[in-house]
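Q:
Residue numbers (the working numbering): 147 to 368.
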């Protein structure tokens, strides 16, 4: 569940005590009530210099946007302009992921028992994305791990649409660190020596995806 407004308010006050302005990059409002909770907290103290950015994403997409916000703040960009720039960057960025089994989606009620059975039987893996509304949508499907990897990377390349001058990636996974080197090699072959972060998927998200899930966030900045 999302943090209550009181928890956000405590964090905002601590941050504001040492800063002229505070920028909060929050998990997608389409996935969680967290953004609404943060808005409610900021509304309780209108004199606090709080500026919120809806990441319309999660995991390392949110993390990449936080990294971008930090860099802009170090350049002395005003907080309201940082939020505007994050919105521009977010509109050309995204995150896609795939799962190893449908067991966790079945447990959460997102797929039916028959859908999970046949998908697991046929080794069909879905490729899911968080769209511009911040909601999870299906993008493609493939059979077998290698085909899934290439299909996901091709879907990301299609969304990017070109070889950008500046793009950063983030590889996330649930208990499959070996996926990182494989994905990194393909990304470097396609995009050159770009910055590629990696991290385990956070426990809350991992609970919904299950062991073996992995994803790729991308942030296009030019």
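Every residue, glycine too, gets a C-beta built ideally from N, C-alpha and C.
Assign residue 231 to one of three DSSP states: helix, strand, or coil.
A: If DSSP states are grouped into helix, strand and coil, residue 231 belongs with the helices.
Q: Might you give, ordered along the chain, the residues of its own chain that have their beta carbon closer than 6 Å to the beta carbon of residue 169, omitting 5 neighbours on each side?
A: Only 197, 215, 225, 228 meet the Cβ criterion.
Q: So, under 8 Å CB-CB, residue 297 and residue 336 are touching, yes? Tell me the CB distance rounded to an integer number of Å.
A: With a Cβ gap of about 14 Å, residue 297 and residue 336 do not count as contacting.
Q: The beta strand (DSSP E) with residue 341 in it runs from where to where?
A: First-last of the beta strand (DSSP E) with residue 341: 341 to 346.
Q: Let me check understanding here. Comparing Cα to Cα, which of 191, 213, 174, 194 lies closest to residue 203?
A: Answer by Cα proximity: 174.
Q: Alpha helix (DSSP H) containing residue 275: first to last residue?
A: Note, residue 275: premise wrong, no alpha helix (DSSP H); beta strand (DSSP E) at 270 to 276.
Q: Quick one: what does DSSP say residue 297 is sitting in, helix, strand or coil?
A: Helix at residue 297.
Q: Whose CA, out of 246, 189, 314, lies closest to the CA of residue 341?
A: Comparing Cα-Cα distances from residue 341 to each of 246, 189, 314, the minimum goes to 314.
Q: Check each candidate in 330, 327, 300, 368 and name the one with the smallest Cα separation from residue 311.
A: Measuring from the Cα of residue 311, the nearest candidate turns out to be 368.
Q: Counting only the same chain and skipping the five closest in sequence on each side, list residues whose C-beta sits under 8 Å from that of residue 283.
A: Hits under 8 Å: 274, 275, 276, 277.
Q: Kindly indicate which three-state DSSP category residue 164 falls into: helix, strand or coil?
A: Coil at residue 164, not helix or strand.
Q: Near residue 152, what residues of its chain come up, given a Cβ to Cβ distance below 8 Å and the 5 sequence neighbours on each side ignored?
A: Cβ neighbours of residue 152 beyond the five flanking positions: 187.
Q: In this structure, how does DSSP classify residue 312 when only helix, strand and coil are distinguished?
A: Of the three classes helix, strand and coil, the one that applies to residue 312 here is coil, per DSSP.
Q: What three-state label does DSSP hand residue 284 in the structure shown?
A: It is a strand residue.
Q: Run the CB neighbour count on residue 347, radius 10 Å, all protein chains shown included, and call it buried at 16 or more, exposed below.
A: With 16 or more Cβ atoms within 10 Å of its Cβ, residue 347 is classed as buried.
Q: Going by C-alpha to C-alpha distance, which of 164, 339, 242, 291 sits closest to residue 413?
A: The shown model of the chain, from 147 to 368, leaves out residue 413, and the question about it has no answer.
Q: Between which two residues does the beta strand (DSSP E) holding residue 200 run?
A: Here the beta strand (DSSP E) through residue 200 covers 196 to 200.
Q: DSSP three-state label for residue 307, please.
A: Of the three classes helix, strand and coil, the one that applies to residue 307 here is coil, per DSSP.
Q: According to DSSP, which residues form a beta bridge with residue 363?
A: Bridge partners of residue 363: 241, 316.
Q: Is residue 195 near residue 222, with beta carbons less than 8 Å apart?
A: Not closer than 8 Å, so no.
Q: Quick check: residue 171 and residue 235, are their CB atoms within less than 8 Å of each other?
A: Contact: no.
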